[in-house]
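So the protein lines, in turn, are chains A and B. Counting in our numbering, the first sequence runs from 750 upward without gaps. Counting in our numbering, the second sequence runs from 750 upward without gaps. We treat Cβ as the ideally placed atom computed from N, Cα and C, and that holds for glycine. Because the structure is a prediction, the values reported are computed rather than measured.
There are 2 protein chains.
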Amino acid sequence: MKTSIPNETIGRLFPYFRALMCLIKEGKDTISSYELADLCNLNPAIIRKDFSYFGDFGKRGVGYNVSNLMNTIRNILGLIPLKRVALIGVGNIGNALLLYPNFELEGFKIVLAFDNQSTKIGRKINGVTIEDVSYLEKRLKSHKIHLCILAVPESAAPVIAHRLAKTGVKAILSFSPCQLAMPDNIKVTCVDLSTEMARLVYYSSREIFSEIRSLQGKTERHKKVSI
Amino acid sequence: MKTSIPNETIGRLFPYFRALMCLIKEGKDTISSYELADLCNLNPAIIRKDFSYFGDFGKRGVGYNVSNLMNTIRNILGLIPLKRVALIGVGNIGNALLLYPNFELEGFKIVLAFDNQSTKIGRKINGVTIEDVSYLEKRLKSHKIHLCILAVPESAAPVIAHRLAKTGVKAILSFSPCQLAMPDNIKVTCVDLSTEMARLVYYSSREIFSEIRSLQGKTERHKKVSI
DNA sequence: ATGTGTGAAGAGCTTCACAGCC
DNA sequence: GGCTGTGAAGCTCTTCACACAT
Chain A
750 MKTSIPNETI
760 GRLFPYFRAL
770 MCLIKEGKDT
780 ISSYELADLC
790 NLNPAIIRKD
800 FSYFGDFGKR
810 GVGYNVSNLM
820 NTIRNILGLI
830 PLKRVALIGV
840 GNIGNALLLY
850 PNFELEGFKI
860 VLAFDNQSTK
870 IGRKINGVTI
880 EDVSYLEKRL
890 KSHKIHLCIL
900 AVPESAAPVI
910 AHRLAKTGVK
920 AILSFSPCQL
930 AMPDNIKVTC
940 VDLSTEMARL
950 VYYSSREIFS
960 EIRSLQGKTE
970 RHKKVSI
Chain B
750 MKTSIPNETI
760 GRLFPYFRAL
770 MCLIKEGKDT
780 ISSYELADLC
790 NLNPAIIRKD
800 FSYFGDFGKR
810 GVGYNVSNLM
820 NTIRNILGLI
830 PLKRVALIGV
840 GNIGNALLLY
850 PNFELEGFKI
860 VLAFDNQSTK
870 IGRKINGVTI
880 EDVSYLEKRL
890 KSHKIHLCIL
900 AVPESAAPVI
910 AHRLAKTGVK
920 AILSFSPCQL
930 AMPDNIKVTC
940 VDLSTEMARL
950 VYYSSREIFS
960 EIRSLQGKTE
970 RHKKVSI
């Protein structure tokens, strides 16, 4: 077995993919780890190492072929064919997601949307009809859904998450700052804005001190935070 | 100088804070690292270590006083008085943020909101009047803003970010999957949904294999992802 | 010359394990 | 007995530095 792949490496694959899509649009067909590092704000070595976990994609003395690399990464991430996403909760956030124009380019397609408000049920947004959340389980089973996005009020999140787990959903992206207590075989990621805001506030209010420290030649105390 | 504080520790402070608020509501006045670890899905040792960077808050044989600990963490994060936040872009996401009921409990207050659509300018949401983004710089300077939230269309993000930087803003939370290329003294965090979705898809589709691995007694290959 | 792939060194973070205090 | 605080060990991820390919 090859040495295990860092979780961080997986997290960088999609940003690489996005950068490569841009490069294709610009007509560039070869890129070095140094140039890509500039674009992504990373060290070139880590880019080479990231790719090396999956194979030898580059040519020494030349660099990487942009479109080959892009396709390779898309395959590693499994984004072809498009991943089918179900959205639960069509409030402001759910609405924004349904209207987000780039999901399909990026490899995702919202194919189901649910809400519990009768005024919303039956409405169609961007080709997706909002359905009654009562039929959640039935509908999830008939479509093969890869990922559920939970955009319901915080109070409803645990109940829905539990229903999703029971239905066999394997991945949940939640907008509730959760401790959703899911079994280990279900992957959950929470978008926790307050935590990110708190972190930003903490570091930005200490920036004065770290500037002083860096004048003294000490090393940076915190790494640059970027998701 | 004390040993440097891990970035990860800072990222856990707010979840601790939130958990402690809940405990207070439940009337609990003492908690051990073991119980808190259970609530937050962490190892007790890391909780003790996290707190130890800031002082000796616990009593051996007893645990931590819930309300003292909560107040201490709130102070470390600098969340009293409330941090003043400016929101740029009142689309669906901006709207959702303005309506989010818990910000003030959590230490944040949106005091300014901007948009460029004349139909929105002048409207009042949750006590905040939407202003013309033309006056961004002037208004930011007159209020003392700790954090800006960027919820504008992707195409507008770089321009606005640049204007914020020029105005002296120190922290930006952006909803555009960005490489915002800001100077180092400005802290930027991007909420990048597609990257998180890609990560979830990657791991959830490989779950079968890691189950097999764990039957063979090998260690987990990826840590649980939770922001 | 230019730029990849990678072992080894280094940095950062977590967990262990236990002394010390309640 | 119960639980904290912490050095040391262990693990993970990043960076260095250079052999090797074009």
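Span separating the alpha-carbon of residue i from that of residue j
i, j, result
"Ser867 of chain A", "Ala845 of chain B", "20 Å"
"Pro902 of chain A", "Ile759 of chain B", "27 Å"
"Phe803 of chain A", "Asn817 of chain A", "13 Å"
"Ser975 of chain B", "Leu889 of chain B", "Confidence in Ser975 of chain B is poor, its pLDDT being 30 and thus under 50, which makes the residue's placement unreliable; the coordinate value appears in the next sentence. Computed Cα separation, rounded: 33 Å."
"Gln928 of chain A", "Val882 of chain B", "37 Å"
"Met770 of chain A", "Ser801 of chain A", "20 Å"
"Lys832 of chain B", "Asn790 of chain A", "29 Å"
"Thr796 of chain B", "Leu785 of chain B", "Per the sequence presented here, residue 796 of chain B reads as Ile, with Thr not at that position. Whole-angstrom Cα-Cα distance: 8 Å."
"Arg970 of chain A", "Ser753 of chain B", "Confidence in Arg970 of chain A is poor, its pLDDT being 27 and thus under 50, which makes the residue's placement too unreliable to answer from."
"Thr878 of chain A", "Ile870 of chain A", "8 Å"
"Leu913 of chain B", "Ile837 of chain A", "34 Å"
"Asn934 of chain A", "Thr821 of chain B", "36 Å"
"Leu949 of chain A", "Ile825 of chain B", "13 Å"
"Phe766 of chain B", "Val815 of chain A", "45 Å"
"Asn851 of chain A", "Glu945 of chain B", "15 Å"
"Ala794 of chain B", "Gly776 of chain B", "25 Å"
"Lys981 of chain B", "Tyr783 of chain B", "The requested residue 981 of chain B does not occur in the structure, where chain B is confined to residues 750 to 976."
"Ala768 of chain A", "Leu828 of chain A", "16 Å"
"Ser923 of chain A", "Ala910 of chain A", "9 Å"
"Gly812 of chain A", "Asp787 of chain A", "14 Å"
"Ala930 of chain A", "Tyr952 of chain B", "18 Å"
"Lys873 of chain B", "Ala900 of chain A", "24 Å"
"His892 of chain A", "Cys897 of chain B", "40 Å"
"Ser781 of chain B", "Pro926 of chain A", "22 Å"
"Arg955 of chain B", "Ala920 of chain A", "11 Å"
"Ile842 of chain A", "Ala905 of chain A", "15 Å"
"Asp778 of chain B", "Gly856 of chain B", "21 Å"
Residue i classed as buried or exposed, judged by whether at least 16 other C-beta atoms fall within 10 angstroms
i, result
"Glu853 of chain B", "exposed"
"Ile894 of chain A", "buried"
"Pro764 of chain B", "buried"
"Ile773 of chain B", "exposed"
"Val745 of chain A", "This structure does not reach residue 745 of chain A, given that chain A is present from 750 up to 976, and the question cannot be answered."
"Val918 of chain A", "buried"
"Val937 of chain B", "buried"
"Asn875 of chain A", "exposed"
"Gly810 of chain B", "exposed"
"Val834 of chain B", "buried"
Under 7 Å by beta carbon: chain B residues contacting residue i
i, result
"Asn830 of chain A", "Residue 830 of chain A is actually Pro in this sequence, not Asn. Chain B residues near Pro830 of chain A: none, gap ~12 Å exceeds 7 Å."
"Pro907 of chain A", "Residues of chain B passing the Cβ test: none, with the nearest at roughly 13 Å."
"Arg767 of chain A", "Pro926"
Under 8 Å from the C-beta of residue i: neighbouring residues of chain B
i, result
"Arg872 of chain A", "What Arg872 of chain A touches in chain B: nothing, since even the nearest Cβ is about 15 Å away."
"His1043 of chain A", "Outside the displayed span of chain A (750 to 976) sits residue 1043 of chain A, for which this structure offers no information."
Residue i in three-state terms, based on DSSP
i, result
"Thr868 of chain A", "coil"
"Phe852 of chain A", "helix"
"Lys774 of chain A", "helix"
"Ile759 of chain B", "helix"
"Lys751 of chain A", "Reliability fails at Lys751 of chain A, whose pLDDT of 48 lies under 50, so the model's placement of it is uncertain and the value that follows must be treated cautiously. It is coil, neither helix nor strand."
Residue i: contacting residues in chain A (beta-carbon distance under 8 Å)
i, result
"Ser816 of chain B", "None at all; the shortest Cβ gap to chain A is about 19 Å."
"Val940 of chain B", "Val940, Leu942, Glu945 and Ile976"
"Gly840 of chain B", "Ala845"
"Gln866 of chain B", "Correct list: empty, because the minimum Cβ distance to chain A is about 15 Å."
"Leu922 of chain B", "Leu942, Glu945, Met946 and Leu949"
"Leu848 of chain B", "Asn841"
Interface partners of residue i on chain A, CB under 7 Å
i, result
"Ile932 of chain B", "One point to set straight first is that residue 932 of chain B is Pro, not Ile, in the sequence displayed. Per Cβ cutoff of 7 Å: no residues; Pro932 of chain B is ~11 Å from chain A at best."
"Ile759 of chain B", "Arg948 and Tyr951"
"Ser954 of chain B", "Gly827"
"Lys936 of chain B", "Leu949, Tyr952, Ser953 and Val974"
"Glu855 of chain B", "Ser943"
"Asn790 of chain B", "Gln928"
"Pro793 of chain B", "Near Pro793 of chain B there are no residues of chain A at all, since even the closest Cβ is about 16 Å away, more than 7 Å."
Chain-ordered chain A contacts of residue i [CB-CB under 9 Å]
i, result
"Lys798 of chain B", "In chain order: nothing, as chain A lies at least about 17 Å away."
"Leu762 of chain B", "Thr944, Ala947, Arg948 and Tyr951"
- Jot down the residue ranges of each uninterrupted beta strand (DSSP E) in the segment 879 to 963 of chain A, minimum 3 residues, whole runs only, in chain order. 896 to 899, 920 to 923 and 936 to 939
- For the segment 784 to 861 of chain B, which segments carrying the alpha helix (DSSP H) assignment without a break, of at least 4 residues, lie completely within its bounds, in sequence order? 793 to 801, 815 to 826, 841 to 848 and 852 to 855
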